[in-house]
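Quick note: the sequence shown, position 123, residue 219 per our numbering, numbers continuous.
For glycine and all other residues, C-beta sits at the position ideal for the given N, C-alpha and C.
Given the structure is predicted, the values throughout are model-derived calculations rather than measurements.
So the structure is just underneath, and the comments pick up after that.
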Amino acid sequence: MRFWIGVLTSIWLVAAAGAAPAGTFTFTIATANLSDNTSQAYEDAGIRILQALKPDVLAIQEFNYKGGNTQDLVRRLFGPSYYFAREKGGARLPNGIISRFPITAFGQWEDPYVGNRSFAWATIQIPGPKPLHVVSVHLVQNRAERRIPEARHLLGLIRKQFPAGDYVALCGDFNIAGRNALALAELTKWFDDTHHPADQEGNPNTNSTRNRPYDFVLPNPALAPYHVATVLNKQRFPHGMVFDSRLWNPLPPPVEWDDSANNLQHLPVMKTFRVPVR
C-alpha cells in the first residue's frame with residue numbers, strides 16, 4: 097500500500113478520561129482542514145487551534161507543512177507521543193490521520209472523482225475490545241453532482257473494508273452546502289448524523305463565512321450510541337464542538353483571538369465518545 101505511517105515515539109501515553117464511569121474510556125475525534133488558504137499548508141493559526149483542541153484522534157486534510165516534514169508538523173502540533181499516517185503517491189492535498197494511540201493498520205483508496213488526493217484510513221488500537229477505524233476524506237469541490245456517486249463509492253469501500261461491529265468514524269471536508277445534500281444522504285445510509293456539532297452560539301456551519309456545514313465527524317452504528325458531550329476550557333457542547341476562536345473568552349491557549357479568521361477556509365469539528373473497555 098502506498099502510504100506513510102510514522103511513530104514519533106514508542107511510548108503510548110493514554111489520555112486522562114476525567115470522571116468517566118468505571119469500565120469506560122473517553123476519547124475525542126476531530127477533523128480539520130486548517131491549512132492556510134494561500135500556501136495550502138499548515139501555518140501558525142491552524143497549528144495553534146489544533147494545539148488547543150489536542151484531540152486524541154485527528155482526521156486531517158491538506159496535510160502539508162512548509163516548515164519541515166510530516167513528522168515535524170505532528171511533533172509541533174502534539175509533541176513526541178502521537179502516531180500518524182499520511183497518504184503517499186504525490187498527492188497535492190493529502191489526507192491523513194494523527195492519533196494518540198497506536199496505528200495498527202493503514203491504507204488509502206483511490207478517489208476516482210478527484211485527481212489530487214485519495215481517501216485515507218487507519219485502524220487505531222484504543223483501549224477496550226474493539227479497534228477504531230478512522231477514514232479521512234476531502235470530497236470534490238464545486239461539483240455537487242459528482243459528490244453523490246463519490247459518496248456512494250466511498251461508503252461501499254468502507255463497508256467492504258471494516259467489520260460492521262467495529263467502531264468506524266468517517267471524518268473530513270465534505271464540501272456540501274447543507275445537511276440536505278444528496279451526498280450526505282448517501283453517507284448517512286450507514287453513518288450517523290444525529291448530533292450536529294455547533295459553536296457557543298449554536299451555529300453548526302464550518303466554512304469561513306459560517307453558512308455551510310463543510311466538516312463532519314460521523315460515527316457508524318456501533319460507535320454512535322457512545323456519543324457524549326464535548327468539553328473544552330470548561331465549556332460544554334452537548335452535540336460536539338465547532339471551534340471558532342472569535343467566540344472564546346478566555347481563549348484556550350495557545351490560540352489567538354483572530355486565528356479562525358486568519359486565512360483559514362474551515363473551522364474544526366470535534367466529538368467525544370465514551371466506550372466500554374470490557
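Give the secondary structure of residue i by DSSP, where H, G and I count as helix, E and B as strand, and everything else as coil.
i, result
"residue 372", "strand"
"residue 134", "coil"
"residue 315", "strand"
"residue 365", "strand"
"residue 323", "strand"
"residue 284", "coil"
"residue 166", "helix"
"residue 116", "coil"
"residue 157", "coil"
"residue 296", "coil"
"residue 258", "coil"
"residue 202", "strand"
"residue 193", "strand"
Are the Cβ atoms of residue i and residue j separated by less than 7 Å?
i, j, result
"residue 370", "residue 122", "yes"
"residue 368", "residue 326", "yes"
"residue 302", "residue 234", "no"
"residue 232", "residue 247", "no"
"residue 306", "residue 316", "no"
"residue 207", "residue 229", "no"
"residue 132", "residue 329", "no"
"residue 202", "residue 187", "no"
"residue 189", "residue 138", "no"
"residue 244", "residue 279", "yes"
"residue 348", "residue 141", "no"
"residue 205", "residue 251", "no"
"residue 270", "residue 264", "no"
Taking the alpha-carbon positions, what's the residue i to residue j distance?
i, j, result
"residue 198", "residue 125", "15 Å"
"residue 332", "residue 294", "11 Å"
"residue 151", "residue 143", "13 Å"
"residue 343", "residue 353", "8 Å"
"residue 212", "residue 372", "39 Å"
"residue 221", "residue 268", "21 Å"
"residue 195", "residue 146", "13 Å"
"residue 366", "residue 338", "7 Å"
"residue 249", "residue 297", "35 Å"
"residue 319", "residue 227", "11 Å"
"residue 165", "residue 176", "14 Å"
"residue 281", "residue 287", "10 Å"
"residue 182", "residue 341", "27 Å"
"residue 292", "residue 335", "6 Å"
"residue 289", "residue 224", "24 Å"
"residue 310", "residue 120", "31 Å"
"residue 323", "residue 117", "14 Å"
"residue 351", "residue 256", "40 Å"
Buried or exposed: which applies to residue i, given that a residue is buried once 16 or more other Cβ atoms fall within 10 Å of its Cβ?
i, result
"residue 155", "buried"
"residue 214", "buried"
"residue 237", "exposed"
"residue 127", "buried"
"residue 239", "exposed"
"residue 192", "buried"
"residue 241", "exposed"
"residue 129", "buried"
"residue 356", "buried"
"residue 160", "buried"
Tell me whether residue i, by its Cβ, gets closer than 6 Å to a heavy atom of the ligand FAD.
i, result
"residue 229", "Among the ligands in the structure shown, none appear at all, so the ligand FAD cannot be discussed."
(request) Could I get the ranges of all uninterrupted beta strand (DSSP E) runs contained in the region 211-245, with 3 residues as the minimum, in chain order? (result) 215-220, 228-234
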